[in-house]
Amino acid sequence: MKIAVIGGRGFVGSRLVDRLTAMGHEVGAHDRSSGVDLLTGNGLRGALEDADVVVNTIDAPSFDAEAGPFFHSTTENLLRAAADAGVGHIVLLSIVGIDRVTDVDYYTAKILQEDLLANGPIPYSIVRATQFMEFIERIMDWTSEGDTVRLPTTRIQPIAVAEVVDALAGVATGPPLNGTLNVAGPDVYTLDEIGRLTLRAHHDDRHVVVDESAGIFAAVPEDAITAPADARIGGTHYTDWLT
Ligand SMILES: NC(=O)c1ccc[n+]([C@@H]2O[C@H](COP(=O)([O-])OP(=O)(O)OC[C@H]3O[C@@H](n4cnc5c(N)ncnc54)[C@H](OP(=O)(O)O)[C@@H]3O)[C@@H](O)[C@H]2O)c1
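For the sequence shown, the working numbering gives the first residue as 156, with consecutive numbering after it.
See below:
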């Protein structure tokens, strides 16, 4: 199978390219560093030539209101180019529960990205993942000041990125779902709790203070971004992953 991964040198995309290549597929890794810009459309025609499947793992340059126009233009450009190239399946990486959160600009932008794909002319699959375990430290850094990390009690259910890659690889090489697969890790933590676990495991002297207004996850209602009942649950526990 010939598979084009847009965002193929990013954090998830590069791992997916390696996985699909190891499975024996012909895989192209594309992003601006390889001359493919989904925002302008430059290089897209060549990247999608003869591709059976396209996986979209790009990310917006910011989490604020600018993410909306970015995901709008990039998705429209991808749909147009994929239709011209005769691509039979587009797979999108998205986030669990974004439809249940109204006050986060980035989530609103991801919903727009999903809706454009679902209403477009190409058979599609959306893989929604919970927060990556590898992303927890970055979340903490956003609201760290000196030796204090401010975190809300928002509930999250982190997943190891390797399990997200498993799901994407399986979906990309199967028939289009024309729907959504939710994937999540096995355990639910409050953000302040997972922050303390992470600092302890890394012998980091910072301490966590609960602040219900800290960071973008503060706007997330109870259980909105934990696994829905139909989710595929991964086997990697955060406490094992940490060690
Ligand atoms: N972090 C989480 O916990 C989490 C959870 C669930 C889902 N997700 C989703 O996962 C997706 C990927 O995240 P990631 O961490 O892998 O992102 P990342 O490491 O920032 O990678 C993004 C990729 O997109 C490329 N890109 C950006 N703008 C582009 C453009 N205009 N044209 C072509 N390529 C472009 C980047 O390369 P260049 O800059 O060189 O173009 C890079 O290869 C995101 O959509 C995010 O919403 C994340």
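Beta carbons are placed, not taken as given, at the ideal position from N, Cα and C, and that holds for glycine.
Query: Run the CB neighbour count on R200, radius 10 Å, all protein chains shown included, and call it buried at 16 or more, exposed below.; Result: exposed
Query: Ligand 2 heavy atoms versus the CB of G275: any closer than 7 angstroms?; Result: In terms of ligand content, the structure shown lacks ligand 2 and carries ligand 1 instead.
Query: Helix, strand or coil for G196 per DSSP?; Result: coil
Query: For E204, which residues of its own chain have a beta-carbon under 8 angstroms away from its beta-carbon, when the five flanking residues on both sides are left out?; Result: A240
Query: On the criterion of 16 or more Cβ atoms from any shown chain inside 10 Å, does H357 qualify as buried, or is it exposed?; Result: exposed
Query: Could you round the C-beta distance between D260 and D219 to whole angstroms and report it? I think they count as a contact, below 8 angstroms.; Result: 5 angstroms
Query: Can you tell which of P341, L234, G350, T353 has its C-alpha closest to the C-alpha of P383?; Result: P341
Query: I need the residues with a C-beta less than 5 angstroms from some heavy atom of ligand 1; please give them in chain order.; Result: G162, R164, G165, F166, V167, D186, R187, S188, D192, L193, L194, T212, I213, D214, L248, I250, A284, Q286, F287, F290
Query: Is it the case that the region 385-394 contacts the region 303-318, given that we only count it when at least three CB pairs across the two stretches are under 8 angstroms?; Result: yes
Query: Nearest chain C C-beta to A159 closer than 8 angstroms, yes or no?; Result: Here there is only one protein chain, and chain C is not present.
Query: If you follow the beta strand (DSSP E) that T236 is in, where does it begin and where does it stop?; Result: According to the sequence shown, residue 236 is Ala rather than Thr. Counting along the chain, A236 falls outside any beta strand (DSSP E), though it belongs to the alpha helix (DSSP H) covering 222-240.
Query: Can you tell which of P307, G223, N333, I213 has the C-alpha that lies nearest to the C-alpha of S188?; Result: I213
Query: Within 10 angstroms of its Cβ, does F372 collect 16 or more other Cβ (buried), or is it exposed?; Result: buried
Query: Comparing C-alpha positions only, which one of D360, T398, A374 sits nearest to D366?; Result: A374
Query: So does the region 283-300 actually touch the region 324-332, counting three or more Cβ pairs closer than 8 angstroms?; Result: no
Query: List the residues that DSSP assigns as beta-bridge partners of A339.; Result: I388
Query: If you draw a straight line from the C-alpha of W297 to the C-alpha of A273, how long is it?; Result: 32 angstroms
Query: Buried or exposed for T353, going by 16 or more other Cβ atoms inside 10 Å?; Result: buried
Query: Would you mind listing the beta strand (DSSP E) stretches within the region 300-365 that are 3+ residues and don't spill past its ends, in chain order?; Result: 303-306, 335-339, 362-365
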